[in-house]
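Notes follow the structure.
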Amino acid sequence: MKTWSKLAVLVLLAVPMPAVAADASKAATPAVLKALFDCRSIVADTERLACYDAAVGQVNKAEKTGEVIIVDRQQARAARRQAFGLELSALSILDRSEEKTEVDRVIGEVVSARQGADGRWTIVLADGAVWKQVDDSILSKNPKKGSKAEIRKASMGSYFMNIDGQRAVRARRADTQ
965 MKTWSKLAVL
975 VLLAVPMPAV
985 AADASKAATP
995 AVLKALFDCR
1005 SIVADTERLA
1015 CYDAAVGQVN
1025 KAEKTGEVII
1035 VDRQQARAAR
1045 RQAFGLELSA
1055 LSILDRSEEK
1065 TEVDRVIGEV
1075 VSARQGADGR
1085 WTIVLADGAV
1095 WKQVDDSILS
1105 KNPKKGSKAE
1115 IRKASMGSYF
1125 MNIDGQRAVR
1135 ARRADTQ
């Protein structure tokens, strides 16, 4: 019964590895979940219970081996926030719930700031996100460790970054420093 309450509380997301890049709306229900859902159609109580018991055992096994990943809404929001600024269409699998929350800004603490030879800044936030300035705007005050960075979506897939409340500069999320 403990497993049932876990299933009722959590949002089930199956991520078969070859289909990670597939659109969430096209993602097929994994066989292990389909077997669980199919138990609903059994009329006889004892047979239905036996079906559920077997299917829950398979879901539990699939979750432990990583075949099925169980993610609650809070974890999905955290993943969206951490991926803010990266182009990850596979992340759309986290949008299955009816409550669609899109991250349009993040605020973080600067852990390192480096100015390149071209005068543009590379900023690393406490969550590990790396942001690079892409315009030639000059900041009146150099960013440093402990500075507050606010990055928000702009038009056409671009982003604005404010450091310590200064005028915004255009930026993009980078994979590495």
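965 is the number of the first residue of the sequence shown in my numbering; add one for each residue after it. Where a beta carbon is used, it is the ideal one built from N, C-alpha and C, also for glycine.
Every unbroken stretch of the beta strand (DSSP E) spanning 3 or more residues and falling wholly within the stretch 1061-1132 is given here in chain order: 1069-1079, 1085-1089, 1094-1097, 1112-1117, 1123-1127.
Taking C-beta separations shorter than 7 Å and ignoring five residues to either side along the sequence, the partners of Q1130 in its chain run L1103, S1104, K1105, following chain order. Note on M1120: under 16 other CB atoms within 10 angstroms of its CB, so exposed under the neighbour-count rule.
A992 carries a coil assignment under DSSP once its states are collapsed to helix, strand and coil. DSSP, reduced to helix, strand and coil, places V1007 outside both helices and strands of the structure shown, so it counts as coil. Nearest to A999 by C-alpha distance, out of Y1016, A992, F1124, A1093, is Y1016.
Beyond the five residues adjoining it in sequence on each side, S1101 comes within less than 6 Å, by CB distance, of V1133 in the same chain, given in chain order. Annotated three-state conformation of V1035 is strand, per DSSP. Looking at the backbone, the Cα of R1012 and that of V1020 are separated by about 12 Å. DSSP, read as helix, strand or coil, puts A1138 in strand. Between S1122 and D1068, the alpha-carbon positions lie close to 11 Å from each other. A direct Cα-to-Cα measurement between K1112 and E1031 gives close to 39 Å. The alpha-carbon of A1077 is positioned some 40 Å away from that of E1027. By the criterion of a C-beta distance shorter than 8 Å, P1107 is surrounded in its chain by V1074, A1077, W1085, I1087, A1113, I1127, D1128, once the five residues flanking it on both sides are discounted.
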